[in-house]
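Chemist:
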DNA sequence: TCCGGCCATGAAAACGTTATCATTTGCTGG
DNA sequence: CCAGCAAATGATAACGTTTTCATGGCCGGA
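Chains as they are written, first to last, in my numbering: chain E, 36 to 373; chain F, 36 to 373.
#1: Would you verify that the beta carbon of residue 363 (chain E) is, or is not, closer than 8 Å to some beta carbon of chain F?
#2: So which residues on chain F does residue 90 (chain E) lean against when the C-beta distance must stay under 8 Å?
#3: Cutting at 6 Å between CB atoms, please list the residues of its own chain near residue 140 (chain E), excluding the five before and the five after it.
#4: Comparing C-alpha positions only, which one of E:317, E:189, E:174 sits nearest to residue 264 (chain F)?
#5: Measuring only the C-alpha atoms, how far is residue 111 (chain E) from residue 356 (chain E)?
#6: Helix, strand or coil for residue 266 (chain F) per DSSP?
#7: Check whether the Cβ atoms of residue 179 (chain F) and residue 95 (chain F) sit closer than 8 Å, and answer yes or no.
#8: Could you list the residues in the region 258 to 289 of chain F with a C-beta less than 8 Å from some C-beta on chain E, going in chain order?
#9: Which residues of the region 116 to 141 of chain F have a Cβ closer than 8 Å to any Cβ of chain E? Give them in chain order.
#10: Using a Cβ-Cβ cutoff of less than 6 Å, which residues in the same chain neighbour residue 206 (chain E) once the five nearest sequence positions on both sides are dropped?
#11: Is any beta-carbon of chain F found at less than 8 Å from that of residue 93 (chain E)?
#12: Helix, strand or coil for residue 373 (chain F) per DSSP?
#13: Just to confirm, are residue 360 (chain E) and residue 208 (chain E) a CB contact at a threshold of 8 Å?
#14: With distances taken Cα to Cα, identify the nearest neighbour of residue 294 (chain F) among F:76, F:122, F:189, F:277.
#15: Can you look up residue 141 (chain F) in the DSSP assignment and give me helix, strand or coil?
#16: From the DSSP output, in three-state form, read off residue 347 (chain E) for me.
#17: Could you name the residues that DSSP lists as bridge partners for residue 224 (chain E)?
#18: Please report the distance separating the alpha-carbon of residue 182 (chain F) from that of residue 88 (chain E).
#19: Sorted by chain position, which residues of the same chain lie with C-beta nearer than 6 Å to residue 266 (chain F)'s C-beta, five sequence neighbours on each side aside?
#20: Quick one, which of E:173, E:169, E:99, E:186 has its alpha-carbon nearest residue 44 (chain F)'s?
#21: On the three-state DSSP scale, how would you describe residue 324 (chain E)?
#22: With distance defined between alpha-carbon atoms, name the residue in E:340, E:362, E:296 nearest to residue 161 (chain E).
#23: I need the straight-line Cα distance from residue 120 (chain E) to residue 64 (chain F), nearest angstrom please.
#24: Whose Cβ in chain F lies nearer than 7 Å to the Cβ of residue 320 (chain E)?
#25: Starting from residue 91 (chain F), trace the alpha helix (DSSP H) both ways and give me its first and last residue.
#26: Beta carbon of residue 308 (chain E), beta carbon of residue 224 (chain E): below 8 Å?
#27: Looking at residue 49 (chain F) and residue 81 (chain F), is the spacing between their C-beta atoms short of 8 Å?
#28: Does residue 40 (chain E) come out as helix, strand or coil in the three-state DSSP assignment?
#29: Taking any Cβ of chain E, which residues in the region 143 to 157 of chain F have a Cβ under 8 Å from it, in chain order?
#30: Quick one: is residue 343 (chain F) near chain E, going by C-beta distance under 8 Å?
#31: Whole angstroms is fine: what's the gap from residue 348 (chain F)'s alpha carbon to residue 203 (chain F)'s?
#32: Three-state secondary structure (DSSP) at residue 133 (chain F)?
#33: In whole angstroms, what is the alpha-carbon distance linking residue 59 (chain F) and residue 285 (chain F)?
#34: Would you kindly work out how many angstroms separate the C-alpha atoms of residue 287 (chain F) and residue 335 (chain F), rounded to a whole number?
#35: In chain E, which residues lie less than 8 Å from residue 179 (chain F) when you measure between Cβ atoms?
#36: Considering only C-alpha positions, which residue in the set F:320, F:337, F:312, F:333 is nearest to residue 327 (chain F)?
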């Protein structure tokens, strides 16, 4: 983990070439204090001639200011994750910060700690952790106290400021919508729990309970679309399953494919609703009914929370936007609706 | 872009608390030189008690070693991009490096330069540029000389080591496959050019030429699936179009949807082939025939190139893996095949 | 018993920058 | 014409590490 010490030109070289003192070069670079036009020109010329670039380490050392923030996530390719990260990066860049990404591959405490240590071996102003899953929760626990930390999609139990996505409300809306269509109950294909509860699963359960509908066991839990596909094949012959709420759109797509292979038609025989509003969902056939979540906004809000923490030492505890149901073609009334 | 100067404990505090000299603390931390067990214990205790964490800036300053690499990309959410980045991150992390992500939102030179400058205002060991598109090419041009740089998916013209994906070969294979099925020619929905040529488009054209088939004009060029969708609606009534090679899978999905809305059946009336092997492609109906590309491997190879550059000062100029055609359901013989 | 050499340790220098403070210069106002 | 002040500049001191380099103690061999 090293770079050979082929150091580039330093501010001293620039000062010498321009025939000025070192602090003057610094002042030209930072524009903090006025410098006579003549000297400034000489300095600028020298900088360009030497291809000089200030050493960020030295600068950070003396100012004590950090301008990189670490993002901890268990995955960077899944739609929700990638979009949240893009939102964080965008907000951070606009504020003059740089984003460092570290993937937490597992929730095994020792491995998590090692990875977190690697990430924190670099000077960071603060940390944003994507708390969508157990690995995110583990990362949160492994972070040392005293570091500014916020969670994207966290909960009150984490003890850090968190920006949330009210996926419980989204799941309730989707479930209520399906019940309203005439389905006796709604089944659920879950996404792994990030703590003791998953908002989506909780919302689904609550909507069923409030409507007095039966709460069937969760069909399966996992991130892998292939499992959703297999699950669909397994439950295809169960006529009592007429509506399924999937933990995310990727799972919904694979689930629908399994149903298709088993000869079950969507939405005529069974309704499928996804979660997240994956950009491809609207182009599927049937187009996917889903719960839209604004992950990019979640990312931006997470960073805003961290920014507040850095500036004022405190941050509003939470901030939230409501997901919205997007009704497309994969959902409809149950087959034997009278 | 600041962090309030609430500095934490320094190595001096640790040394004082442990009753040893500063270098001894350093030696305990780095394990470079043996330290007596008794002192080591005292130091370790003091570190834990104070919650001491070495200042990376000071460390980087004195050693001159950098362990962060910058990744420049125009997007972090598109499948190919996100997966490549994940590959880079994985390889970097295993080698003890951290990756910093900066999004280059445009290919407008001035904006690119400003963003690159922001990224390089932090000490980096090297840079990996995702050169999938014009913005990537612009970033490559904006980078100062003398910095270790490699391109993922670059070309010889960039003047830097590059790991490639032989998408030209992939496009040729796909085109030849469609011609072999009996299609008189193959149409093409392109992805934006990253330089003067796009491998995919070039391969498509070459395969047609070599087979003596007519080379029709490119249907459209862009990243936006919605445009692909509209294009499909526009060309739906053209019976001469029986096979379309799309620049990526996202475009292929939207294109197929447009065909579906226009009443054209895939693959019976028209064949559609994508590019990249998006994980959802196999679950679509019809399942998408596509050209598989290993982006994660591309990312890992890119980092390996950079690692070589950092270690030895030189890197092999290129490295490549061949894409493979994955035949699924969205392609077949043309309708009026005799 | 004495001496050469090794081992653990500490003192001090160095890394490249910004911040603080003192100095010089030039100008204004009485 | 001089006191006084502001503006521009430079000298010097941090910042928190690691890396020499020097020192002192201890051990083994003669």
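Just so it is clear, CB atoms sit at the ideal spot from N, CA and C, and this is done for glycine as well.
Modeler: So, to answer that:
#1: no
#2: 96, 158
#3: none
#4: E:317
#5: 22 Å
#6: helix
#7: Not a contact, by the Cβ cut-off of 8 Å.
#8: 260, 264, 285, 288, 289
#9: 117, 118, 120, 121, 124, 125, 128, 130, 131, 132, 133, 134, 135, 136, 137, 138
#10: In the same chain as residue 206 (chain E), and ignoring 5 residues on each side of it, the C-beta atoms closer than 6 Å to its own belong to 235, 238, 239, in chain order.
#11: yes
#12: Residue confidence for residue 373 (chain F) is low, a pLDDT of 46 falling below 50, so the modelled location carries little weight and cannot support an answer.
#13: yes
#14: F:277
#15: coil
#16: Correct three-state label for residue 347 (chain E): helix.
#17: DSSP, once it has assigned bridges, lists E:255, E:281 as partnering residue 224 (chain E).
#18: 11 Å
#19: 254, 255
#20: E:99
#21: Residue 324 (chain E) falls in the strand class under three-state DSSP.
#22: It is E:340.
#23: 33 Å
#24: 292, 295, 320
#25: 91 to 98
#26: no
#27: yes
#28: With a pLDDT of 47 at residue 40 (chain E), under the threshold of 50, the predicted position of this residue should be treated as unreliable, though the coordinate-derived value follows. Here residue 40 (chain E) sits in coil by DSSP.
#29: 150, 153, 154, 155, 156, 157
#30: no
#31: Computed Cα separation, rounded: 30 Å.
#32: strand
#33: 57 Å
#34: Approximately 27 Å between the Cα atoms of the pair.
#35: By Cβ distance, chain E contributes 86, 88.
#36: Of the candidates F:320, F:337, F:312, F:333, the one whose C-alpha sits nearest the C-alpha of residue 327 (chain F) is F:312.
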